[in-house]
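Remarks on the structure that follows.
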Amino acid sequence: MSEPLFSKKNLKLLSDPLNSSNPITVQVLGICSALAVTAQLKPAVVMSISVTIVLAFANVIISLLRNTIPNRIRIIVQLVVIASLVILVDQILKAYVYDVSKQLSVFVGLIITNCIIMGRLEAFALGNRPWQSFLDGIGNGAGYAVILIIVGFFRELLGSGSVFGFQVIPDSWYITNGGFYANNGMMILPPMALITVGIIIWVQRSRNRKLIEN
Amino acid sequence: MNFIKNIFENTKPYVQKGAKYHWLHSVHDGFFTLFFVQKNTSKSGTHIHDYIDLKRTMGMVVLALVPAILMGMYNTGYQHFKAIDELASTGFFEIFLFGLLKVLPIIIVSYGVGLGIEFVFAQIRGHEIQEGFLVSGMLIPLVMPVETPLWMIAVATAFAVVIGKEVFGGTGMNIWNPALVARAFLFFAYPAQMSGIKVWVAGSQATDAITCATPLGDAASGVISYTASDAFFGLVPGSIGETSTLAILIGAVLLIVTGIGSWRIMLSTIAGGAVMGLILNAFAGSASLSEANQVFFAIPFWHHLILGGFMFGAIFMATDPVSGSQTVSGKWIYGFLIGILAVLIRVVNPAYPEGMMLAILLMNTFAPLIDHYVVQGHIKKRLKRATVSGRTA
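Protein sequence lines correspond, in order, to chains S and F. Quick note on the numbering used here: the first sequence kicks off at 1 and runs consecutively. Quick note on the numbering used here: the second sequence kicks off at 1 and runs consecutively.
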């Protein structure tokens, strides 16, 4: 096998999850965390990075072990690998971005149960070589990140009037200061995250008609 | 009439198939059917045609809403002048005119935004313009507090039409009543503008001097601030169209006589509310309730029917043929549960004084399930009765 590292086929592993096989909008995995951590942009970004790292390295490790893992206990082996990586990520977050880590609270730990990771290990890493698995992990992590960041951007902008914690909507616009504007309180409630994801799916499928199931 | 007919005849060539403005043909058809009856007949099979089409059904509901609209306008002025203590020195027409000028912009915004979106969707999807919004566009202003900013009405209307209706496939496909989706959206998105003491009387946003809670809001904190006759005739603060039980009942008569609204749903909703009111009365003396709660539990059961949005919801919202139950026994169950839930929510959870909205939305969600079990029940009953002739089982 003398395939170049970035052959067309390998690049497809990176780019497909961004659109036609997006983990959230097409595979419908990892919805729970997409709803929980997107009320603001900063935790959404940190969450995306964490999931991408865990996913990429779990993919690589499982792919390296794929020929030695007995089929009947493969789920437990996968869980051990994921859990170790999540603990590492959790500790790093606690050490360097403590406030965000507190905001994410249990959701970092819950990366272990994020369906995207288990799904990609089962569907891809168990049957492919490490480099391809790594690219698949990065690609799917990025696909997850794109949706989280879009949702987080709109929820923070409309729900709190800020982006990345910076106030974007002028204070003088608010009703309490004599203006006319008010933040949309529903945007920071989880149902609105679901509706936002739904709108993204709607837009994506009306642009890419192949994704519409009959 | 010939003059209007000529306009449509003259513009027709431009929207025919292949012509330059063909993409606007559904707009043309939409306005044409507003004035005339389409002569097109179906080409195959046997169909029964009736002039009571969707547009005329909707027109009838809007007609039934007229008493509530007029009374809402008058009450808007009445509450304003009462709050600034000039009621005695202001004439009837001045009061009505003030209310008219307050309410009209809300109606215009609701229709403008909603119909605009309907037209755009009809063009994009290439189907006919459907008239479902004629009623929703009138219901939306009537369930809002008069001081709701116009841009919020616009946002809520857009949300209701797009997320509440078009997503599911447009008129006739929606799960929930669009007008209530609009109200629920505002209720959760902008609670400060949709509840409390500063939104119910025109002018109260501008000056701190005018504050006024709805009778339900007062009752939730243990104060009885209304008389039953005021609540019946509609001279209490509240959403624009919901206050006058009398005006709503006049509309109800029209709906029942023309057969457009289901009297079963109306009756069972009212029965449900009354039953729940009686149950709460029975517990009113309980020592485990707070003092405010004891007052609210103890109000006569029929007051629940004339307060807040109960009657408006029962007559105009619960009977929505799209989102309500379809089967006869389903309608009884559906309406009865709406009544029970509405009173239960408004009394037991004072944070949601408008239990009617939540009750109807919840039962809209369950209406298909109720219908499913009613139909299954029929099938089972008939199977039991059925015998296979000429054979022994």
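Cβ atoms here follow ideal geometry from the backbone N, Cα and C, with glycine treated the same way. These figures come from a predicted structure and were not determined experimentally.
For a test of the three-state rule: what should DSSP assign to residue i, helix, strand or coil?
{"i": "Ile200 of chain S", "result": "helix"}
{"i": "Ala393 of chain F", "result": "Low per-residue confidence applies at Ala393 of chain F: pLDDT is 49, beneath 50, and the placement is therefore not dependable, though the value from the model is reported in the following sentence. Three-state DSSP puts Ala393 of chain F in coil, outside helix and strand."}
{"i": "Gln167 of chain S", "result": "strand"}
{"i": "Thr387 of chain F", "result": "coil"}
{"i": "Ser329 of chain F", "result": "helix"}
{"i": "Ser160 of chain S", "result": "helix"}
{"i": "Tyr78 of chain F", "result": "helix"}
{"i": "Tyr190 of chain F", "result": "coil"}
{"i": "Tyr174 of chain S", "result": "strand"}
{"i": "Val86 of chain S", "result": "helix"}
{"i": "Tyr419 of chain F", "result": "Given a span of 1 to 393 for chain F in the structure shown, any question on residue 419 of chain F remains unanswerable."}
{"i": "Tyr181 of chain S", "result": "strand"}
{"i": "Pro13 of chain F", "result": "helix"}
{"i": "His47 of chain F", "result": "coil"}
{"i": "Glu86 of chain F", "result": "coil"}
{"i": "Arg66 of chain S", "result": "coil"}
{"i": "Gly234 of chain F", "result": "coil"}
{"i": "Thr38 of chain S", "result": "coil"}
{"i": "Gly141 of chain S", "result": "helix"}
{"i": "Glu242 of chain F", "result": "coil"}
Exposed or buried, what is residue i when buried is set at 16 or more other beta-carbons lying within 10 Å of its beta-carbon?
{"i": "Ser89 of chain F", "result": "exposed"}
{"i": "Tyr334 of chain F", "result": "buried"}
{"i": "Lys384 of chain F", "result": "exposed"}
{"i": "Ala318 of chain F", "result": "buried"}
{"i": "Phe154 of chain S", "result": "buried"}
{"i": "Lys20 of chain F", "result": "exposed"}
{"i": "Ala393 of chain F", "result": "Residue placement at Ala393 of chain F is poorly supported in this model, since its pLDDT is 49, which falls under 50; the coordinates are not used for a value here."}
{"i": "Leu11 of chain S", "result": "exposed"}
{"i": "Gln132 of chain S", "result": "buried"}
{"i": "Asp99 of chain S", "result": "exposed"}
{"i": "Ile73 of chain S", "result": "exposed"}
{"i": "His127 of chain F", "result": "exposed"}
{"i": "Asp136 of chain S", "result": "buried"}
{"i": "Phe124 of chain S", "result": "buried"}
{"i": "Asn10 of chain F", "result": "exposed"}
{"i": "Ala396 of chain F", "result": "Examination of residue 396 of chain F is not possible in this model, given that chain F is present from 1 through 393 alone."}
Confirm, please, whether the CB-CB distance from residue j to residue i is below 8 angstroms.
{"i": "Arg346 of chain F", "j": "Leu235 of chain F", "result": "no"}
{"i": "Thr25 of chain S", "j": "Gln204 of chain S", "result": "yes"}
{"i": "Ala271 of chain F", "j": "Gly339 of chain F", "result": "yes"}
{"i": "Gly119 of chain S", "j": "Leu18 of chain S", "result": "no"}
{"i": "Ala58 of chain S", "j": "Leu14 of chain S", "result": "no"}
{"i": "Gly285 of chain F", "j": "His304 of chain F", "result": "no"}
{"i": "Phe119 of chain F", "j": "Ile129 of chain F", "result": "yes"}
{"i": "Pro67 of chain F", "j": "Gly251 of chain F", "result": "yes"}
{"i": "Ile379 of chain F", "j": "Ile299 of chain F", "result": "no"}
{"i": "Phe107 of chain S", "j": "Ser33 of chain S", "result": "yes"}
{"i": "Tyr111 of chain F", "j": "Gly72 of chain F", "result": "no"}
{"i": "Val89 of chain S", "j": "Ile147 of chain S", "result": "no"}
{"i": "Trp200 of chain F", "j": "Gly238 of chain F", "result": "yes"}
{"i": "Ala145 of chain S", "j": "Thr68 of chain S", "result": "no"}
{"i": "Leu115 of chain F", "j": "Phe133 of chain F", "result": "yes"}
{"i": "Ile240 of chain F", "j": "Pro105 of chain F", "result": "no"}
{"i": "Gly164 of chain F", "j": "Pro178 of chain F", "result": "yes"}
{"i": "Ala64 of chain F", "j": "Leu254 of chain F", "result": "yes"}
{"i": "Gly261 of chain F", "j": "Ile315 of chain F", "result": "yes"}
{"i": "Gly419 of chain F", "j": "Val374 of chain F", "result": "As displayed, chain F neither begins before 1 nor continues past 393, which places residue 419 of chain F out of reach and without an answer."}
{"i": "Gly185 of chain S", "j": "Phe185 of chain F", "result": "no"}
For residue i, go through chain S and note every residue whose CB falls closer than 7 angstroms to its CB, in chain order.
{"i": "Pro149 of chain F", "result": "Phe180"}
{"i": "Ile163 of chain F", "result": "Ile195"}
Taking 7 angstroms as the cut-off, is the C-beta of residue i nearer than that to any heavy atom in the ligand GDP?
{"i": "Gly330 of chain F", "result": "Ligands are entirely absent from the displayed structure, and the ligand GDP is therefore not among its contents."}
Worksheet item: If contact means a Cβ-Cβ distance below 9 angstroms, which residues of the region 180-213 of chain S contact chain F?
Response: Flagged, chain order: Phe180, Tyr181, Ala182, Asn183, Asn184, Gly185, Met186, Met187, Leu189, Pro191, Met192, Ile195, Gly198, Ile199, Trp202.
Worksheet item: Any residues in the region 226-258 of chain F with a beta carbon nearer than 9 angstroms to a beta carbon of chain S? Which ones, in chain order?
Response: none
Practice prompt. Please list the residues of the region 165-195 of chain F that have a C-beta atom closer than 8 angstroms to any C-beta atom in chain S, keeping them in chain order.
Written response: Val167, Phe185, Phe188, Ala189, Tyr190, Pro191, Ala192, Gln193
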